[in-house]
Each structure stands twice: as C-alpha cells, then as structure tokens.
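Everything on this sheet refers to the single structure shown next.
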Amino acid sequence: MLDRSEVLHVARLARLRLTDEEVERMSRELSKVLDHIEKISELDLEGVPPTSHVVDVPGGLRADEPRPCLSREEALASAPAVAEGGFEVPSPGL
Amino acid sequence: MTLLALTAAQAAEQVRAGELAPAELWEAYRERAAADELNAFLWVADEAPASPADDAPLAGVPFAAKDLFCVRGVPSQAASRILEDYRPPYTATVVEQIVAAGAPVLGKTNQDEFAMGSSNENSGFGPVLNPWDRSRVPGGSSGGSAAAVAAGLAPWAIGTDTGGSIRQPAALCGVVGLKPTYGACSRYGMIAFASSLDQAGPLTRDVTDAALLFSAMVGKDHCDSTSVAFPEAVRRPRAEDLRGIRLGVPEELTSEAEGLEPGVRENFEATLRLAEELGAEVEPTRLPHAAHGLSAYYLIAPAEASSNLARYDGVRYGLRVEADGDLVDMYSRTRAAGFGPEVKRRIMLGTYALSAGYYDAYYGRAQRVRTKIAEDFAGAFERFDFVVTPTSPTVAFPLGARTDDPLAMYLADYCTVPMPLAGIPAISIPNGLSEGLPTSFQIAGPAFSENRILDAAYALEQAIGFDGSVPR
Amino acid sequence: MSWEPVIGLEVHVQLSTRTKMFCGCELSFGDPPNVHTCSVCLGLPGSLPVANERAVQYALKIGLALECELAPRSIFHRKNYFYPDLSKGYQISQYDEPLCRGGRLGDVRIHRVHLEEDAAKLVHLGQSGRIHGSDRSVVDFNRGGTPLVEIVTEPDLRTPEDAREWLVLLRNTLRQLAVSDVNMEEGSLRCDANVSVRQAGTAELGTKTELKNMNSFRFVERGIRAEVERQVGLLESGQNVVQETLHFDPQGGTLTPLRSKEEAHDYRYFPEPDLVPVRVTEEMVAAARAELPELPAARAERYLELELSADTARRFAYRPDLGDYFERALAVAAAGDGADVSAQSLANWVAELASQLDDADPAESKVAPEALARLAGLVTGRGVTSAVAQQVLGRLVAEGGDPAAIVEAESLATIGGGGELEETVRAAIEANPDAAERVRAGKAEAIGPIVGYVMRETKGRADGGQVTRMVRERLGV
Ligand SMILES: [Mg+2]
Ligand SMILES: [Zn+2]
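Structural data, given as structure tokens:
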C-alpha cells in the first residue's frame, strides 16, 4: 500500500511534480502493482546471493589515455540556457 | 514490386552480384518510410548515403534504428518529449558497426517512451499502428521497428529488449526478433532504460536476416565495460532439421500460465509437433521461479530506470520548464512536463523500491530472485538445449484495451522477462495466425548460444512456412 | 566536568591521473569552462562509464600505504541525488564493497578507502535579471568526473591540533606516493570532519555533526575547535546537539547549518549496473607495491637503528621532508668533513632548523644540508659552542652561506683555555664574592652566577664545561 503522503515523499525524491489527480492515481495504481509484487516476499531466499551483474567480465578497466573531448560549442549545443561558457541554472543556494 | 519481396539478405546478395543498385534500394525504401501511415518512423533520412564498399557484408541494405539509439546530428529522443529534437554529438556503437558493415541509417523508429511499455501506446509522439490490423497495437517497446519491418517500410531494423521489447513486438507484428546474450552487443549510445537488462538486437523478416544483421552488431566495445567479445563467428543458419535437439517446455510459462489465448496455445502445440517431426525431443520442464520473474522484473527495471532517468533535469539538454527561479521547482516542473504517465509511474515505483527502508524488501530481494531464475535456467540447460514458450500469451490487442490497467499490461510480459533477468538469449519467430493475427514461438538458450538458436529457429521457420507478406 | 572531543575525518583526494575516472577527458586546472567534457562526463543520454585503470592502481597504492586490506572484488554503487554539479543525477561511488578496508596511519585507524568521481564546479552568478530577483549559477564540467579517493578514518582523534597534525601526516604520505598534488588551497585535498563530544572517561559517543569546507590545515583546526566549543556550550546549558551538516566560515569563524534536505539521507544506493566489478589481481597488487616508496613505518624503524630517539624517528618518518633533509645532511657528514658527527646530534640540528623555519620544508630554505652538517661538525669538534651555533643557524636561515665562514668573519670560535679565559674567570669570581664563598663552602650549585658572568662576557663563545672546571680549580674545590 502506498498512501498519499508516501507518494508525495517519493515524488519529491524523484523530482516529479504531481497534480492531485496524479497523486491519487499513483497511489491506487502503484499499490495494485506492489500488491502483486509482494508475492516475492513468500520466497525463501535465505543465503541466496543477489545478482548485481549478470556478466562478470574480467578486467573492464580502461587505460589512462586521453581521448578527444567535445568542443565547448558541442558541449553546450543542446543546453536550455547558457551563460559565461557554462550551463546556466537557478542557484541551488547554500 | 519485386524489390519489396526480397529479404535483406537476398537484397544484399543481388547488390553484391551487381543485379541491384544500392541507390535504387535506398530510394525505394526511403519513399516507403517517408510515406509511413503507421507512425512507425519519427525521422526519415533525406540524404542518400555513400555507396557501400564492394565487400561490405550488409551491401547497402538500409536499416531502421529505434529512436533510442543515438545517431550523431539526428533526432534521438527515446520517443520522449523531454528529449524532443535532441541531436546527440555522437553515434551508438552498434549503429556505427552496422553502418561500417555497409548498411545506411534509413530512419529512426517510434517506440514506447524510454522503452517502457508493451504496446507502443506510451510514445511521446503517438502510438504505432499494427500493419496487420491498424486498430491494434504493434507491441512494444520496439513497436516502430517491428511495424516498419512487417509493413515493408524498412528491410530490417534494430531495437532493444529489456523485458521483451524486441521479441514481443516482433511476435505481434509477425517478424523475427532476437534478444542477444547480455553483453554481446555494446550498449554505448543506447539511451538507457534498465542498464542490467537492456540489449540491442535485430528485428527482421526472417531468421537469416536476423543472423546477418546480428553478425554486424556483436563485439566487445571499449566504451561499454559490460560488453563481451562474442566467442565465435556469427554464422548464417542452415540447419534443416532438429535431430538431437532437446526442447524443454516450462510448465510455469505454458500449461499453467494464466491468460494464454487458445489460438496461441494451439499454434504453440502445433509448432512443438513440427519440432518433433524435425527430430527434436520435446519434454516438459520446470522453471520454479519463473512465475516470480515479473515481480523481480517490475522492481529491478523501474529501480534502474529511476536512476537512469535522473539525468533529464533540464540542465544540459532537453526540455526545461522554469517558473520562479527555484532550482528544485525547475527540476520538478521539467520532469513533470517532459515525461509521460508510464515513465512517471515507473520512476515512482523504482524510486520507492530503492528508498530507505525498502531496499532489502524490494530491490535486494528482486536481485536474489534473479539469481534463482538464472539457476533455474542453468538447471534446465543441463537436460535441454533450449527452453521454448509462446512469446506473447495473446495476439495483438486493440489500441486502448489495456491502457487503464497498468498491472494487466505488465502481466502479459511473463514469457519474455525471465530471459533478460538471466542474461540469456532468446528469439521469437512467427508460427502462424490466430484470428488473422500473428502468433509466435520463443526459443531461449544458454549464454552465447545464438548460433545454435538461430539454426533451430531456421529449421522451424522453413517447416512452418509463415507468410508475412500480407501487411506489405 | 571535562569534555572530550571525538573526531573522525573524511578526506577526499583528487588523483593525478591523466584522464578522468570514467572517461578519456584530460584532467585540467584553471582552463576555460567546459572544454574538457565528453558524452560520458556530461551524462549525455546513452553514454557509459568505464573505470580508469591507473585510478584503481593509485587507490591500491594508497590502500597499501595505509596498511589496509585490499578487496579482491569490489563494486561501484550509484549514489542518487539531484544537484546541478552532478551530470547524471547520481555520483558513481563505492558503498558496501569498497576497494580497501581497515588500516592505520600513525595513531589513527582507517575505516575505509574507496574510489569515486568528483562533481563539477558551480559558479554563482548573482542576480541575472533574466528572472526578476532570482540568483543564477553556471556549471563547468571540466572538473566533473575527476578521480577521487575518499579516505574515512575511525573517530580516533581527540583534539583539533591532533586532527590538523594527522592531516599533515596524511598529506605528506600521499605526496610521497605521488598519486595526487595534495594541495588544500587548490582543492586536490579536501577534508570534512565528524565531530562529537563526550564526558571524559566515558566510552559512549555523543551526537555528531559534519563539518564541511575547511580548505586549509589551519581552518581544519579552527573549524573543529569552534565546533567543539559550540557543542560543549550546548551541552553545558542543558541543550542537545542536533545531527546536521555545518559549513565553516573561516572569515568570521562561524558555523552555519547547510540547508537541510529531507532526502539527504536517502541516496538510494544500488550497484552500478554499467560497470563490471573491479577485480584486483595479484599482479595489480604487486605492481602497486613495487611503486611504493619506503613507507613511514619502515623508515621509522631504520631511524631507530641510527639511535635516533623514538619521537624523532617517528617524526622524520612521517614528515618525509624532514626525513629526506636529514638523510642528505647525514650523507654529507658521513662523507667525512673532519668531525665525526653522530646521527643523533645531526637529527637534533635538523629539528632545530625545522623549528626556526616554523615547520616549513627545510629543503626549500636557504640552509643547504651541507651547511647544516658542517655546523653540527663544528659543535662536535668544539669549534663553536652550541649557543653560538644557534646564532649561526639563525644567520643561515636568514641569509644562507657557509657556517665556518660566518664563524670566522664574526670571530665566533670557541675561546680556548688560554689567558683570555683565565682573565675573565678571575674577573667573574671577583664580581661575585658571595657566590664564590658559598662554592668554597661546598655549595656546588652556587657556581651559576660566576659561570653566567663568563658566558655573558664571552658572548657564549666559551665552553660551559671548561669554564666550570676552571672556576672550581681557581676556588680550590
Ligand atoms: Mg564521497
Ligand atoms: Zn569526459
């Protein structure tokens, strides 16, 4: 069960602004999905290791060698707001 | 039109034999793609490509790429409004490899937004129509790629599969879809949905085309540390029978499964009989945890997605909505406006599953179930070469039929989610019609058994003789 | 009632690799904004991280130097939170399976050492006027993705001074490893502190606060001191310490709580699926070990064999600048410049030099190791007295040069047993008749004023022992 206040808390964590109607719908729909998912709590998983990666490739490291960077124009090309050679944002405050 | 009757491999052969000009092939398909009435394409190339090298294996046969593959300078939006008209400065590795093998990019295909969906109704740019019946969904999330290939708008296409997103739309559109072993194809440049599950793969008219396109997609990529060198050359499938092949039929996903339509079941059983006629041994098997695959999948995929989609924050690219100069408000408004309802639902579900106090009960537990599912498959593969199931429990359903019930939509994925959870490959091939709509047959094998899967699929394909020309 | 501070440090060290932690962009400092970026460090859709091999190796070197246990397999996690200096909405860090665990440096136990990526730089623009009244900032991703090693200590430090000293020790150790510029002012070494206080003699830990933004060794000490005082003040007035993160303002010496974020403690960590686990092979450990310089513990051992005091041996071992200087001077002395200087007395002169230099690196002073060795030689060979040598050292610090030449030019050589000293001794006894009487009467300690008179008259050039002998002889005792 996911009540209204939990929905609002999660929405804040996820940076999603929800309308009242959406909060109500999320609560209903997610609760239904979670009810179904709850079934896995019945399984005995004592001592079963979690899968964090399905392939366990050895190595996987990169040599410390430079590769070409984007030009500043390319880097900023899709930015919604630009100032002084950077990505402009509202200040986060302290 | 004879050109349209050619499979991609046949077209490539004719090009190499000098019987077909690549420019003619390009123009024919470009015109068809541009005249798309299915909403399968979100962007179609208008510049003719350079002609392919003489020895290029894909010989200039153009391909369509699912929108979420980044192509330099070309809209790559994952069908999301939050990335509307986003044009990346780089190209996905698999796209580069296919282009290097001689196939130019014909266009970008529609999909469920960020690959979240099984019906293509979650696209930010409107649903794709099923070419067999335009009142029905093409499946998803690679619905645009599946519909484009089925309707002959593209010779072949690539898509991505996270919980069935190649196989299920292939099934609903009557084409072939291969989900490779996790790591076989680079994920670099594929706009991520769920990183530990996502794999690129081909959607094609037949098994031979799938093998040919797949052969250009595999390989270790230094930009994707989870990619693996494919252990052998990808072969052109030639098997004519299934002698010595043992097929395991998991009861959990077939006879015991809910919601399996009678027509789908009939065709599945008919294919099993055909397999026996071709020399295969068919026996029931068990995948005891497969029934929990959906639960694990609907925790893991949204959890990873909630994190993968955190970068869409209105700072570096994409949509920004700002009202009063407050940062948190900017983030929340941008994401509220840019994401569709299904994406929001999954971000919420995933954020919840990872949040303090719930991790162990949800995400942590799902990852343990995943271990059990992989063990189930490993056990089955000790006795069987392949595990086979229907791909989708139903044929293509009417547009709007499930949009009000997310859970019902999710539940229909039960045959396709266990394989990506275990990281293993599986193919979907059409095996007949039910109510005039395609049904299909899924073959799953151990990691890196693609050559053998393709061989088995080829033998069955020849015996089934499915006619996919109808929607063209 | 007395209060005991309990302090732990979290230190972030920027590694001096060529490229970033997860992409091939070159590291930079002071370049114009956003010229060292790529699809990976900008978090463009579809990009994937790949871990830098050298960063792993540097982290292993640090782990070995801090005597940690190295994990044969460790994994990266995602730490999820939204902030404009974070391109992906998460930081790739390590969580419950770090590269190194345990260990110690000096008296402080190490909890863990792990790898992560640095955030980008956020520059405040002030009011832009674009949206009325709103403040704007600009993000520069040049620094975003720089490899960081985070070193977390156990709460083993007990005073702000100790915290500062330990941090200097860590800085010096890391400098020796050549894995980082370790410059606090430039931000390649950054320190946060966890501070709590408890009643002396109790074992239970009090509520801790986290101090951020202490960007010099001095500020670390001052910040912690201010926070300890604040906490003691709260507790003594019957209030509670609230667990929070505080920003130290070195100008006013004030501590301000950072805007509390309700999700601050919900980072939704989960294993980073885009990166395979880091497998540390025996070859990797062997390679890291081969690159290690002599570590402080081994160095201290070696100094003890030279019969340096335990304190000095430790100090020179953990202050490699002092140790290196000492060893250079020792080499010169051993090459034999006349007098046979003991390692011990040379060490004392290095320590004296360090204190005259306010603890700066002596190699960067005007005093050449050769000069210090020669000065020590002059003292040992009784060419000058210790008191004079102190003055000469002062001159060397100020101007450099050769000690023998200074002694010569200033006529500072020790006054021998000749007539000049005889005459002064006589005058000293004459000037202190009371003292002379008491010495004659058997009060040996009363000799002080007489010897003092001689030393004053000779400006310290007389050998104190010799003067004492001469006075006693003359007084017939
Ligand atoms: Mg950190
Ligand atoms: Zn970069």
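Residue numbers (my numbering), protein chains in the order written: chain R, 164 to 257; chain F, 35 to 506; chain E, 9 to 485. Each residue gets a CB set at the ideal place from its N, CA and C atoms; glycine is no exception. No experiment lies behind these values; they were computed from the predicted model shown.
Can H256 of chain F be considered in contact with ligand 1, in the sense that its beta carbon sits closer than 7 Å to one or more heavy atoms?
By 1-based counting over the second sequence, the position of residue 256 of chain F is 222. Residue side-chain check: H256 of chain F keeps its Cβ at 7 Å or more from all non-hydrogen atoms of ligand 1.
Going by other Cβ atoms of all chains shown within 10 Å of its Cβ, with 16 needed for buried, is S169 of chain F buried or exposed?
By one-based count along the second sequence, residue 169 of chain F stands at place 135. It is exposed - the Cβ of S169 of chain F has fewer than 16 other Cβ atoms within 10 Å.
Looking at the unbroken beta strand (DSSP E) that takes in D200 of chain E, where does it start and where does it end?
Counting from 1 along the third sequence, the entry for residue 200 of chain E is found at position 192. Annotation for D200 of chain E: the continuous beta strand (DSSP E) segment containing it runs 197 to 207.
Measure from the alpha carbon of R201 of chain F to the alpha carbon of each residue in F:A481, F:E469, F:P452, then state which is nearest.
Locating residue 201 of chain F in the second sequence gives position 167, where the first residue counts as 1. It is F:P452.
Is the stretch 370 to 386 of chain E close to the stretch 353 to 362 of chain E, with three or more CB pairs under 8 Å?
Yes: the two stretches touch, three or more of their Cβ pairs being nearer than 8 Å.
For the beta strand (DSSP E) that G51 of chain E lies in, which residues bound it at each end?
The count along the third sequence starts at 1 and reaches residue 51 of chain E at position 43. Segment: none, G51 of chain E is in no beta strand (DSSP E) and carries neither H nor E.
Distance check for L37 of chain F and D240 of chain F, CA to CA, integer angstroms please.
By 1-based counting over the second sequence, the position of residue 240 of chain F is 206. By 1-based counting over the second sequence, the position of residue 37 of chain F is 3. Rounded to whole angstroms, D240 of chain F to L37 of chain F spans 16 Å at the Cα level.
For a contact meaning CB atoms closer than 7 Å, what does G223 of chain R contact in chain F?
In the first sequence, the residue the question calls residue 223 of chain R occupies position 60. In chain order: S259.
Which residues in chain E have a C-beta closer than 9 Å to the C-beta of S509 of chain F? List them in chain order.
With chain F covering only 35 through 506, there is no way to say anything about residue 509 of chain F.
Kindly confirm or deny that the stretch 489 to 505 of chain F and the stretch 84 to 101 of chain E touch, where touching means at least three C-beta pairs closer than 8 Å.
no
In the structure shown, what three-state DSSP assignment does S145 of chain E receive?
Translated into the one-based positions of the third sequence, residue 145 of chain E becomes position 137. S145 of chain E falls in the strand class under three-state DSSP.
Would you call the stretch 325 to 337 of chain F and the stretch 391 to 405 of chain F touching, i.e. three or more CB-CB distances under 8 Å?
yes
Kindly indicate which three-state DSSP category G98 of chain E falls into: helix, strand or coil?
Working through the third sequence from its first residue, we reach residue 98 of chain E at position 90. The question names Gly, yet the displayed sequence has Tyr at residue 98 of chain E. The answer is strand: DSSP assigns Y98 of chain E an E or B state.
Could you tell me if the beta carbon of G153 of chain E falls within a distance shorter than 7 Å of some heavy atom in ligand 2?
By 1-based counting over the third sequence, the position of residue 153 of chain E is 145. Within the cutoff, so yes.
Using a Cβ-Cβ cutoff of 9 Å, what residues of the stretch 36 to 69 of chain E are near chain F? List them in chain order.
C46, S47, V48, L50, G51, L52, P53, G54, S55, L56, P57, V58, A59
With a threshold of 6 Å on Cβ separation, who are the neighbours of G137 of chain E within its own chain once the five nearest residues in sequence on each side are excluded?
The residue you call residue 137 of chain E lines up with position 129 of the third sequence. Here the model assigns G137 of chain E a pLDDT of 48, short of 50, so the residue's position is not dependable and the matter cannot be decided.
My output table needs one value for T215 of chain F: the three-state DSSP class, helix, strand or coil.
Translated into positions along the second sequence, residue 215 of chain F becomes position 181. Reduced to three states, the DSSP call for T215 of chain F is coil.
At a cut-off of 7 Å, is K129 of chain E close to ligand 2 when judged by its beta-carbon and the heavy atoms of the ligand?
The residue you call residue 129 of chain E lines up with position 121 of the third sequence. Checking every heavy atom of ligand 2 against the Cβ of K129 of chain E, none is found closer than 7 Å.
Relative to ligand 1, is the shortest distance from any of its heavy atoms to the C-beta of E356 of chain F smaller than 7 Å?
Here the question's residue 356 of chain F lines up with position 322 in the second sequence. No.
Name the DSSP bridge partner or partners of M224 of chain F?
Counting from 1 along the second sequence, the entry for residue 224 of chain F is found at position 190. F:F103, per the DSSP bridge assignment.
Taking Cβ positions, are A339 of chain E and L314 of chain E nearer each other than 8 Å?
Here residue 339 of chain E refers to the residue found at position 331 when the third sequence is read from its first residue. Here residue 314 of chain E refers to the residue found at position 306 when the third sequence is read from its first residue. No. Outside cutoff.
With 8 Å as the threshold, decide whether the Cβ of S82 of chain E is near any Cβ in chain F.
As a first step, residue 82 of chain E must be located in the third sequence, where it is residue number 74. Cβ-Cβ to chain F under 8 Å: no for S82 of chain E.
Can you pull the DSSP bridge partners for P328 of chain E?
Position 320 of the third sequence holds residue 328 of chain E. Note: P328 of chain E sits in no beta bridge, so no partner.
May I ask you to list the residues that DSSP assigns as paired with S462 of chain F?
Within the second sequence, the letter at position 428 stands for residue 462 of chain F. S462 of chain F is bridged by DSSP to F:G211, F:Q476.
Determine the burial state of L471 of chain F: buried for a count of at least 16 other Cβ atoms within 10 Å of its Cβ, exposed for fewer.
Mapped onto the second sequence, residue 471 of chain F falls at position 437. L471 of chain F should be labelled buried.
My output table needs one value for L388 of chain F: the three-state DSSP class, helix, strand or coil.
The residue given as residue 388 of chain F occupies position 354 in the second sequence. The answer is helix: DSSP assigns L388 of chain F an H, G or I state.
Compare the C-alpha of G374 of chain F against each of R:M164, R:H172, R:E185 and name the closest.
Against the second sequence, residue 374 of chain F aligns to sequence position 340. When each option's Cα is compared against that of G374 of chain F, the closest is R:E185.
Do the CB positions of T5 of chain F and T214 of chain R come within less than 8 Å of each other?
Past the boundaries of the shown model lies residue 5 of chain F; chain F is included only from 35 to 506, so the question cannot be answered.
Just grab the DSSP bridge partners of N164 of chain F for me.
Reading the second sequence from its first residue, position 130 is the one you call residue 164 of chain F. Answer is F:D167, bridged to N164 of chain F.
Report whether the distance from the Cβ of T262 of chain E to the nearest heavy atom of ligand 2 is below 7 Å.
Looking up residue 262 of chain E in the third sequence gives position 254. Answer for T262 of chain E: no, Cβ out of range of ligand 2.
Could you tell me whether any non-hydrogen atom of ligand 1 is closer than 7 Å to the CB of H20 of chain E?
If you number the third sequence from 1, residue 20 of chain E lands on position 12. Answer for H20 of chain E: yes, Cβ within range of ligand 1.
Can you tell me where the alpha helix (DSSP H) with R280 of chain F in it begins and where it stops?
Counted from its first residue, the second sequence places residue 280 of chain F at position 246. If you look at R280 of chain F, you'll find it isn't in any alpha helix (DSSP H); it sits in the beta strand (DSSP E) that goes 280 to 284.
Ordered along the chain, which non-local residues of its own chain (more than five positions away) have a Cβ less than 7 Å from that of L54 of chain F?
As a first step, residue 54 of chain F is located in the second sequence; it is residue number 20 there, counting from the start. Excluding positions up to five away in sequence, the list reads A45, Q48.
Quick check: the stretch 273 to 288 of chain F against the stretch 150 to 168 of chain F, are at least 3 beta-carbon pairs closer than 8 Å?
Counting Cβ pairs under 8 Å, fewer than three are found: no touch.
Buried or exposed for Q251 of chain E, please, with buried defined as at least 16 other CB atoms from any protein chain shown within 10 angstroms of its CB.
Stepping through the third sequence from its first residue, residue 251 of chain E is reached at position 243. Exposed is the call here.
Let me check you understand the geometry: is the CB of S196 of chain E closer than 7 Å to at least one non-hydrogen atom of ligand 4?
Among the ligands in the structure shown, ligand 4 does not appear; only ligand 1 and ligand 2 can be found there.
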